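Asker:
Here it is in C-alpha coordinates:
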(Lines of atoms letter the chains of each structure in order from A and count residues from 1; the text may use other names and numbers.)
(Lines give C-alpha, C1' and ligand atoms only; values in the text may rest on other atoms or scores of the structure.)
Protein backbone atom coordinates (compact mmCIF):
# COMPACT_ATOMS: atom_id res chain seq x y z
CA UNK A 1 0.00 0.00 0.00
CA UNK A 2 1.31 3.43 -0.93
CA UNK A 3 0.84 6.19 1.66
CA UNK A 4 0.54 9.90 1.22
CA UNK A 5 3.35 11.48 -0.80
CA UNK A 6 4.60 14.82 0.47
CA UNK A 7 6.21 17.62 -1.49
CA UNK A 8 9.69 18.47 -0.15
CA UNK A 9 10.66 22.16 -0.16
CA UNK A 10 13.92 23.76 0.96
CA UNK A 11 13.55 27.07 2.78
CA UNK A 12 15.83 29.85 1.54
CA UNK A 13 17.95 29.38 4.69
CA UNK A 14 18.32 25.63 4.07
CA UNK A 15 19.20 26.22 0.40
CA UNK A 16 21.90 28.76 1.42
CA UNK A 17 23.23 26.32 4.00
CA UNK A 18 23.44 23.53 1.42
CA UNK A 19 25.42 25.84 -0.87
CA UNK A 20 27.72 26.84 2.01
CA UNK A 21 28.38 23.20 2.85
CA UNK A 22 29.16 22.44 -0.80
CA UNK A 23 31.49 25.44 -1.13
CA UNK A 24 33.28 24.59 2.11
CA UNK A 25 33.84 20.95 1.12
CA UNK A 26 35.15 22.00 -2.30
CA UNK A 27 37.76 24.15 -0.48
CA UNK A 28 38.86 21.72 2.22
CA UNK A 29 38.36 18.39 0.42
CA UNK A 30 37.53 18.24 -3.30
CA UNK A 31 34.77 18.83 -5.80
CA UNK A 32 34.09 15.09 -5.85
CA UNK A 33 33.61 14.97 -2.07
CA UNK A 34 31.43 18.08 -2.14
CA UNK A 35 29.27 16.60 -4.89
CA UNK A 36 28.95 13.27 -3.05
CA UNK A 37 27.86 14.92 0.21
CA UNK A 38 25.48 17.30 -1.59
CA UNK A 39 23.87 14.44 -3.52
CA UNK A 40 23.53 12.41 -0.32
CA UNK A 41 21.81 15.34 1.43
CA UNK A 42 19.46 15.77 -1.55
CA UNK A 43 18.71 12.02 -1.53
CA UNK A 44 17.91 12.16 2.20
CA UNK A 45 15.56 15.08 1.51
CA UNK A 46 13.91 13.17 -1.32
CA UNK A 47 13.24 10.22 1.00
CA UNK A 48 11.16 12.53 3.20
CA UNK A 49 8.44 12.40 0.55
CA UNK A 50 7.18 9.27 2.26
CA UNK A 51 6.66 8.78 5.99
CA UNK A 52 8.37 11.97 7.22
CA UNK A 53 6.65 11.55 10.59
CA UNK A 54 8.74 8.42 11.16
CA UNK A 55 11.82 10.61 11.68
CA UNK A 56 12.74 11.60 15.24
CA UNK A 57 11.80 14.88 16.86
CA UNK A 58 14.72 17.28 17.24
CA UNK A 59 15.70 17.46 20.94
CA UNK A 60 15.30 20.75 22.81
CA UNK A 61 12.61 22.12 20.50
CA UNK A 62 9.70 21.89 22.96
CA UNK A 63 9.30 25.69 22.94
CA UNK A 64 8.94 25.87 19.16
CA UNK A 65 5.25 26.26 18.22
CA UNK A 66 5.43 23.38 15.72
CA UNK A 67 6.93 19.90 15.69
CA UNK A 68 10.54 19.91 14.48
CA UNK A 69 12.03 16.68 13.16
CA UNK A 70 15.31 15.72 11.55
CA UNK A 71 16.83 13.26 9.11
CA UNK A 72 20.51 12.35 8.93
CA UNK A 73 22.92 12.47 6.02
CA UNK A 74 26.55 11.77 6.95
CA UNK A 75 27.30 14.21 9.81
CA UNK A 76 24.48 16.56 8.84
CA UNK A 77 20.94 16.92 10.13
CA UNK A 78 18.19 18.04 7.77
CA UNK A 79 15.91 19.91 10.14
CA UNK A 80 12.32 20.00 8.94
CA UNK A 81 8.67 20.44 9.78
CA UNK A 82 5.67 18.69 8.30
CA UNK A 83 2.93 20.96 6.99
CA UNK A 84 0.08 18.47 6.82
CA UNK A 85 -2.49 20.95 5.45
CA UNK A 86 -0.30 21.46 2.38
CA UNK A 87 1.13 17.92 2.28
CA UNK A 88 4.58 19.53 2.41
CA UNK A 89 7.82 18.80 4.20
CA UNK A 90 9.67 22.09 4.67
CA UNK A 91 13.40 21.74 5.30
CA UNK A 92 14.17 24.62 7.63
CA UNK A 93 17.92 24.26 7.98
CA UNK A 94 20.85 21.88 7.66
CA UNK A 95 23.27 21.58 10.57
CA UNK A 96 26.47 19.70 11.22
CA UNK A 97 26.60 17.39 14.25
CA UNK A 98 29.47 19.48 15.70
CA UNK A 99 27.33 22.64 15.80
CA UNK A 100 25.98 23.91 19.10
CA UNK A 101 22.48 22.40 19.55
CA UNK A 102 21.24 25.55 21.31
CA UNK A 103 22.17 27.66 18.31
CA UNK A 104 20.34 25.28 16.02
CA UNK A 105 17.07 25.40 17.95
CA UNK A 106 17.33 29.19 18.38
CA UNK A 107 17.85 29.56 14.64
CA UNK A 108 14.52 28.06 13.57
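In the UniProt record's numbering, the protein residues as written are 1 to 108. Backbone N, C-alpha and C define an ideal beta-carbon position, used for all residues, glycine too. None of the values given here were measured: they were computed from a predicted structure.
Tell me whether residue 18 sits in a helix, a strand or coil according to DSSP, three-state version.
Answerer: Residue 18 falls in the helix class under three-state DSSP.
Asker: In terms of alpha-carbon separation, which member of 77, 100, 70 and 38 lies closest to residue 24?
Answerer: 38
Asker: Excluding sequence positions up to five away, which residues of its chain have a Cβ less than 8 angstroms from the Cβ of residue 5?
Answerer: 49, 50 and 87
Asker: Does the beta-carbon of residue 52 have 16 or more other beta-carbons within 10 angstroms, so that it is buried, or is it exposed?
Answerer: buried
Asker: Indicate the three-state DSSP secondary structure (helix, strand or coil) for residue 95 in the structure shown.
Answerer: strand
Asker: In whole angstroms, what is the alpha-carbon distance linking residue 60 and residue 81?
Answerer: 15 angstroms
Asker: As an exercise, report each continuous beta strand (DSSP E) stretch of at least 3 residues that is fully enclosed by the segment 32 to 75, in chain order.
Answerer: 69 to 73
Asker: On the premise that residue 94 lies in contact with residue 17, defined as a C-beta separation below 8 angstroms, what is that separation, rounded to the nearest angstrom?
Answerer: 4 angstroms
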